[in-house]
Every structure is written in structure tokens, then in C-alpha cells.
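Participant: The structure follows.
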Amino acid sequence: MKNIKKITLDGLIFNNPTFMLVLGTCPTLGLISSASSALGMGLTVVFILTLSNVIISALRKIIPNEVRIPAYIVIIATLVTFARMLLEKFLPDLYSSLGGFLALIVVNCIILGRAEAFANKHNVLESAVDGVANGLGFTWAITVMGIICEFFGAGSVFGLKIMDFSIGVFAKPAGAFLVYGLCIAIFVQIMESVQRALRVKKAKLTRESLLSANEAKEVA
Numbered sequence: 195m196k197n198i199k200k201i202t203l204d205g206l207i208f209n210n211p212t213f214m215l216v217l218g219t220c221p222t223l224g225l226i227s228s229a230s231s232a233l234g235m236g237l238t239v240v241f242i243l244t245l246s247n248v249i250i251s252a253l254r255k256i257i258p259n260e261v262r263i264p265a266y267i268v269i270i271a272t273l274v275t276f277a278r279m280l281l282e283k284f285l286p287d288l289y290s291s292l293g294g295f296l297a298l299i300v301v302n303c304i305i306l307g308r309a310e311a312f313a314n315k316h317n318v319l320e321s322a323v324d325g326v327a328n329g330l331g332f333t334w335a336i337t338v339m340g341i342i343c344e345f346f347g348a349g350s351v352f353g354l355k356i357m358d359f360s361i362g363v364f365a366k367p368a369g370a371f372l373v374y375g376l377c378i379a380i381f382v383q384i385m386e387s388v389q390r391a392l393r394v395k396k397a398k399l400t401r402e403s404l405l406s407a408n409e410a411k412e413v414a
């Protein structure tokens with residue numbers, strides 16, 4: 195259970211694939227001008243990443259080591275094709291907005307990276323949790339940036355008009371790049387502050403534990 199918690203927190207926060215590892219940059223910069231497109235891409239990645247992790251973990255002892263990367267790509271490509279068919283059938287507007295970035299999920303370094311670094315070495319349950327956590331970590335990160343870019347670039351959020359004022363650069367790749375860089379800087383600073391606070395708290399607890407142990411010895 196402790197391991198599951200660590201995997202979850204790593205994927206969502208401490209090793210966030212977007213802000214900490216800076217993976218999946220292509221769809222991030224291409225889609226965060228719209229909050230809806232960013233959220234749609236994120237949820238699609240959750241679906242594909244989770245299923246690919248589960249399948250690869252289940253087959254990890256069967257797939258020959260020499261062809262593991264091509265095998266991963268075949269599995270991921272199959273899932274992407276299935277996802278494209280579902281989106282085209284039931285969510286045609288989202289399918290159109292994702293465009294060519296949907297097909298690029300096949301070689302998305304987040305999905306391939308988790309397959310090689312995690313699913314290939316862990317059991318099905320842990321791999322499923324890792325897939326969900328990293329997928330949601332990617333989703334919330336690009337959705338937040340999508341909200342920022344859409345708000346400043348079009349004066350709306352998820353297509354709902356908030357204000358008439360807008361800054362055109364935020365609707366373009368240059369604005370997306372700027373928002374991405376600023377979000378990474380802010381997130382890293384927050385994480386460093388949190389980790390520093392956790393280290394201080396741990397050191398304090400250790401000192402208190404040692405003092406309690408010494409007092410117990412003196413009483414004895």
C-alpha cells in the first residue's frame with residue numbers, strides 16, 4: 195500500500211511528467227491554447243497509458259528483450275487506433291481539435307518512457323496505478339496551462355466567454371511556450387519549498403525521537 199501511494203504521488207506531483215520531467219512537450223505546446231483540447235488530450239493519454247502499462251506488464255516475461263521497443267510501439271499504436279476510432283465516432287469535435295497530435299501519441303515519450311522504465315519491471319497493479327497517476331499528472335498540468343492560455347489569448351475558458359479583452363500572443367505557440375516555461379519555474383520552486391519543509395520536519399522528528407530515547411535511558 196505504501197508503494198502504491200508513492201507511485202501515485204510521484205506521477206501526480208513529485209515526478210510530474212510535464213513540469214518535472216518535461217516530457218510530451220510537442221502535444222503540450224501544440225494544444226494548450228485551448229483548455230478543452232488540452233483536457234481531451236490528457237484524458238486520451240490516461241486511457242492509452244494505463245492500458246499500455248497493464249498489457250506490457252502482463253507480457254513483460256513473454257516479450258523478447260531484443261524486440262521490446264518495437265513490441266511496445268505495436269501495442270501503443272493499436273490502442274491509439276482504437277482511441278481514434280472512439281473519438282471520431284462519439285466526440286468528432288474533440289477528434290478534429292486534436293488533429294495530428296492524436297496520432298503522435300504512438301511515439302509520445304511519456305507512454306514509451308513509462309513502458310520501458312516502469313511497466314517492464316513491475317506487476318500489473320503497480321503498472322496500472324503508474325499509468326493512471328502519470329496520465330492524470332500530465333492531464334492536470336496541460337489543462338491548467340490550457341486554461342491560462344485560453345483565458346489570456348481568447349478571453350474564454352472551455353469556450354465560455356469571460357471577457358472581451360485578450361492578448362493574441364497567448365493563442366499562438368510563442369505564448370504557449372512562455373506559459374509552459376513560467377509554469378515549470380513556479381512548480382519547481384514550489385516543489386523545492388515543499389521538499390525543504392519535509393526535510394526540516396523529518397530532522398525535527400528525528401531529534402525529538404533521539405531526545406525521548408535518551409530520556410528513557412536516564413530514567414532506566
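Residue numbers for the sequence shown follow this note's numbering, so the first one is 195 and each next one is one higher.
Ideal placement from N, C-alpha and C gives every residue a C-beta, glycine not left out.
Over the uninterrupted alpha helix (DSSP H) stretch that includes F345, give me the two end residues.
Facilitator: Position 151 of the sequence shown, counting from 1, holds the residue named residue 345. Note, F345: alpha helix (DSSP H), V318 to A348.
Participant: For the candidate residues P367, T400 and K396, whose alpha-carbon lies nearest to that of L225?
Facilitator: For this step, residue 225 is matched to residue 31 along the sequence shown. Measuring from the Cα of L225, the nearest candidate turns out to be P367.
Participant: Cutting at 7 angstroms between CB atoms, please list the residues of its own chain near I242, excluding the five before and the five after it.
Facilitator: To locate residue 242, count along the sequence shown from 1; it is residue 48. Counting only Cβ-Cβ distances below 7 angstroms, and skipping sequence neighbours, we find I270, L273, V274, A277, I299 and I305.
Participant: Suppose the cutoff is 6 angstroms on Cβ atoms and the five residues either side in sequence are ignored; what does the same chain contact list for A313 look like?
Facilitator: By one-based count along the sequence shown, residue 313 stands at place 119. Excluding residues within five positions, the ones whose Cβ falls inside 6 angstroms are N247, I250, S251 and S321.
Participant: Per DSSP, K355 forms a beta bridge with which residues?
Facilitator: Taking the sequence shown and counting its residues from 1, one reaches residue 355 at position 161. Beta-bridge pairing links K355 to S350.
Participant: Applying the criterion that 16 or more other CB atoms from any shown protein chain within 10 Å of the CB defines a buried residue, is F397 buried or exposed?
Facilitator: Here residue 397 corresponds to residue number 203 of the sequence shown, with the count starting at 1. Before going further, note that residue 397 is Ala rather than Phe in the sequence given. Per the 10 Å Cβ criterion, exposed.
Participant: Using DSSP with H/G/I as helix, E/B as strand and the rest coil, what is F213?
Facilitator: On the sequence shown, residue 213 is found 19 positions in, with the first residue counted as 1. Residue state, collapsed to three classes: coil.
Participant: What residue ranges within the region 222-305 form continuous alpha helix (DSSP H) runs of no fewer than 4 residues, ordered along the chain?
Facilitator: Whole alpha helix (DSSP H) segments, 4+ residues: 229-252, 262-284 and 286-292.
Participant: Can you tell me which of the three DSSP states G218 falls into?
Facilitator: Taking the sequence shown and counting its residues from 1, the one referred to as residue 218 is at position 24. In the structure shown, G218 sits in coil (DSSP, three-state: anything other than H, G, I, E or B).
Participant: Straight-line CA distance for I420 to A265?
Facilitator: For the chain, the structure presents residues 195 to 414; residue 420 sits outside this window and is missing.
Participant: Can you tell me which of K255, F346, M235 and D287 puts its alpha carbon nearest to the alpha carbon of A365?
Facilitator: Residue numbering aside, residue 365 sits at position 171 when the sequence shown is read from its first letter. Closest by alpha carbon: F346.
Participant: In its own chain, which residues sit with a C-beta less than 6 angstroms from the C-beta of C377, not counting the 5 before and 5 after it?
Facilitator: Residue mapping note: residue 377 aligns to position 183 of the sequence shown, counting from 1. Excluding residues within five positions, the ones whose Cβ falls inside 6 angstroms are M339.
Participant: Determine, using beta carbons only, whether L217 and P211 come nearer to each other than 9 angstroms.
Facilitator: Here the question's residue 217 lines up with position 23 in the sequence shown. Here the question's residue 211 lines up with position 17 in the sequence shown. Taking 9 angstroms as the Cβ cut-off, L217 and P211 qualify as a contacting pair.
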